[in-house]
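Notes follow the structure.
Protein chains: 2
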Amino acid sequence: MHTLRVDLESRSYPIHIGSGLLSDATLYRPHLAGAQVMIITNETVAPLYLKALRSALTGHVVHEVILPDGEQYKTLDVWQRIFDALLAARFSRDCTVIALGGGVVGDMAGFAAACYQRGVAFIQVPTTLLAQVDSSVGGKTGVNHSLGKNMIGAFYQPRAVIADTATLATLPQRELSAGLAEVLKYGFIRDAEFLHWLEMQMPALLAREPAALAHAIRRSCEVKAEIVAADEHEAGQRALLNFGHTFGHAIETGSGYGNWLHGEAVGVGMCMAANLSARLGWLTATDVARTRQIIAAAELPLEPPSDLSAERFLELMAVDKKVLNGQLRLVLLRQLGTAVVTGEVAPEMLRATLS
Amino acid sequence: MHTLRVDLESRSYPIHIGSGLLSDATLYRPHLAGAQVMIITNETVAPLYLKALRSALTGHVVHEVILPDGEQYKTLDVWQRIFDALLAARFSRDCTVIALGGGVVGDMAGFAAACYQRGVAFIQVPTTLLAQVDSSVGGKTGVNHSLGKNMIGAFYQPRAVIADTATLATLPQRELSAGLAEVLKYGFIRDAEFLHWLEMQMPALLAREPAALAHAIRRSCEVKAEIVAADEHEAGQRALLNFGHTFGHAIETGSGYGNWLHGEAVGVGMCMAANLSARLGWLTATDVARTRQIIAAAELPLEPPSDLSAERFLELMAVDKKVLNGQLRLVLLRQLGTAVVTGEVAPEMLRATLS
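Residue numbers (the working numbering), protein chains in the order written: chain A, 463 to 817; chain B, 463 to 817.
Shown next, in the form of structure tokens:
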């Protein structure tokens, strides 16, 4: 087991990474607020791992909510079911909510924990690569609105993240690739050396070689923890973590939630951001080709859906959370391994990238 | 105009109290995050004060959401309409939400501001006595669930509270009395001298004499600001502000939201808490009689609805937010002017008070 720490003063917490952690009672015990535990999971993950998690919580009053699986269910309506369950079980303010699943489960469970009785204890047990390297760390929680992704939510830090790498064995290949998109992101925005390592190790990662996956997860969490510790509420550099996401969110919203996996949309978004970075003279044609190559090597799509017009893209991007004073701000690459936030993209350049 | 300050480090904010403040543009300007402003109000308040507030915001992009009036609409479903409006108007993270109205409007608008894009600027413009002395100050926001009051919400501080005492002129008498319940609360829990002043001034307060109301609001806000500054998230003494509320919430939930005004239920709750305090030997029979007398003088009811059995009371109180480890904790009076939180009430004593 490897343990990192997200350094946020009184809200600091550990990220435990390793194989078989799911059922290790000693990892949960220090973070449970009281006797009552509500597990939030989904219908895909529950048959695989719910029993193992429950076995780590003996002696506690454990209830569960099993949500439908998919981004299209990350809505306020489905989210309400968590409160129905918490109140039906008469859970008090010293209960603990545990998210067992991928990004959607973690985002909804975390947002419910943030709001139940104005905030209860929360533990993330991510079971997808995407959740282990990205969404379970850093406290962003929330749900989608039909007009925009993640538009309703809270910053709410978990008390612990318990990432059991053994759960990746059951992950569909498409979701593994989607998770690798976020892993690549850390290389693109912050660590050229890691990006190079990922290029070399991509076959091993796709073959789920444990040592390769463990290193990728660990390095991803290190970068994320560092950025979150420096800027918890995204007043500045945390926005860099949204590399590829402004384009990606537009693809997800515009195509109907659930048709594209989040990581797939981010993969395309990173290609588009690289294209735009080249138009600004920051990346070379070789850099862009290399970017597309490694995203393709992760078995991710490179092009947005053909029915999403440039006009529609602009419309969807106008509600992005990084818009300030009516000005769209984008995360682009100064070079491979160094990202910046910029509000100075000429509209015709953006339009050229979109079409 | 009188200005107090709620002292919460980077989240500190002013409470402005005075007549005619509603349309004073200079009070809003320092607290608006950007050009976009969303006013949340209700169908009763909008015809009275929306125009005046809008006049203070010229030069800004101002939209509004007009909610139905009443505690029965303080639900997640109605709350969603605020996000629909924010997203339809394409409001970005630098928008400002302004609550114009009573406690229900303030609680829902504040909770929406807390969650829109994970948090946007928020200003409280309370137009009821209850909101001016209590709910607009301190950052408690949220909505009700059919199984419990204020069960879903956030701690989210406004950037400013602008309490225009002239708006009290249009307040129905029943709501004035409901507000006085919360004013009396501050006397009961913290300030015997203020309680005495309130006994003397009750006729003047009911007659809405401006000087009397201004003093009552100011002293109430002082006590609240002091307690909130010491314990923002209710880890300790902030719970004292819930004097009368555990019983009161049970009455509100048990009678169907909207049938009792919050302040009315709190008035009865304070009588019940005084009764229980006497059973513990903390108050004398004279103290209890005096308590009932002043609550009656504020033209508030003294008895819970007759169809609410002791059993049902206990059931409803079991989901109170102050329950910890299955133990109901109550705010009771050591003497008039001094409250304590206690978990040591014998069940038979509580049952005697309830029946």
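Glycine is no exception: its CB is placed at the ideal position from the N, C-alpha and C atoms.
Using a Cβ-Cβ cut-off of 8 angstroms, TYR578(A) is close to MET613, ILE614 of chain B, given in chain order.
The residue among ILE614(A), THR629(A), ALA574(A) with its C-alpha nearest the C-alpha of VAL507(A) is THR629(A).
For ASN787(B), the nearest CB of chain A lies under 8 angstroms from its own CB, placing it at the interface with that chain. Chain-order list of chain B residues neighbouring GLN542(A): LEU538, by C-beta distance under 7 angstroms.
In this structure, DSSP gives PHE656(A) a helical state, which the three-state scheme calls helix. Between ASP556(B) and chain A, the shortest Cβ-Cβ separation is below 8 angstroms. When rounded, the separation of the alpha-carbon atoms in GLY581(B) and MET662(B) is 44 angstroms. ASN737(B): not part of any beta strand (DSSP E); member of the alpha helix (DSSP H) spanning 724-741, first to last residue. Linking VAL527(A) to SER597(A) through their CA atoms gives a straight-line distance of about 20 angstroms.
Annotation: the continuous alpha helix (DSSP H) that includes GLY716(A) extends over 707-717. Put simply, of VAL567(A), LEU494(A), GLN498(A), HIS522(A) the residue whose alpha carbon is nearest the alpha carbon of LEU529(A) is VAL567(A). The continuous stretches of beta strand (DSSP E) do not include ALA631(B), and DSSP gives it neither H nor E. Assignment of ASN721(A) by DSSP, reduced to helix, strand and coil, places it in the coil class.
Taking 8 angstroms as the cut-off, the beta carbon of ASP782(A) is found closer than this to the beta carbon of HIS711(A). Residues of chain A with a Cβ closer than 9 angstroms to the Cβ of PHE545(B) are, in chain order, LEU538, HIS607, LEU609, MET613, ILE614. In this structure, the alpha-carbon of LEU538(A) lies about 6 angstroms from that of VAL605(A).
Look at GLN542(B) here: in three-state DSSP terms it is helix. For VAL468(B), the three-state secondary structure derived from DSSP is strand. In the three-state reduction of the DSSP assignment, HIS695(B) falls in the coil class, being assigned neither a helical nor a strand state. Residue THR715(B) holds the alpha-carbon nearest to the alpha-carbon of PRO766(B) among THR715(B), GLN542(B), ASP531(B), SER739(B). Per DSSP, the unbroken alpha helix (DSSP H) holding TYR490(B) starts and ends at 487-490. With respect to chain A, the C-beta atom of LEU702(B) has no partner C-beta closer than 8 angstroms.
Remark: C-beta atoms of TYR578(A) and ILE614(B) approach each other more closely than 8 angstroms. Residues of chain A with a Cβ closer than 7 angstroms to the Cβ of VAL781(B) are, in chain order, LEU549, ARG552. Linking ALA518(B) to SER481(B) through their CA atoms gives a straight-line distance of about 15 angstroms.
Contact between the segment 677-689 of chain B and the segment 465-484 of chain B is present: 3 or more CB-CB pairs across the two stretches fall below 8 angstroms. DSSP places ALA676(A) in the helix class (H, G or I) of the three-state scheme. In the DSSP assignment, ARG752(B) falls within the alpha helix (DSSP H) that extends over 747-759. Counting of Cβ neighbours within 10 angstroms places ASP546(B) among the exposed residues, the total staying below 16. Ranking LEU510(A), SER485(A), PRO588(A), ALA575(A) by CA distance to the CA of ILE477(A) puts PRO588(A) first. Not a single C-beta of chain A is nearer than 8 angstroms to the C-beta of GLY563(B).
Runs of the beta strand (DSSP E) lying entirely within the segment 494-551 of chain B and spanning at least 3 residues, in chain order: 498-504, 523-529. The beta carbon of GLY641(A) sits closer than 7 angstroms to the beta carbons of THR590, LEU591, LEU592, VAL595, GLY725 from its chain, once the five residues preceding and following it are set aside; these are given in chain order. It is roughly 13 angstroms from the alpha-carbon of GLN789(A) to the alpha-carbon of THR708(A). Within the same chain, Cβ atoms closer than 7 angstroms to the Cβ of THR632(B) are found at LEU510, the five residues on either side in sequence being excluded. For ALA643(A), the three-state secondary structure derived from DSSP is helix.
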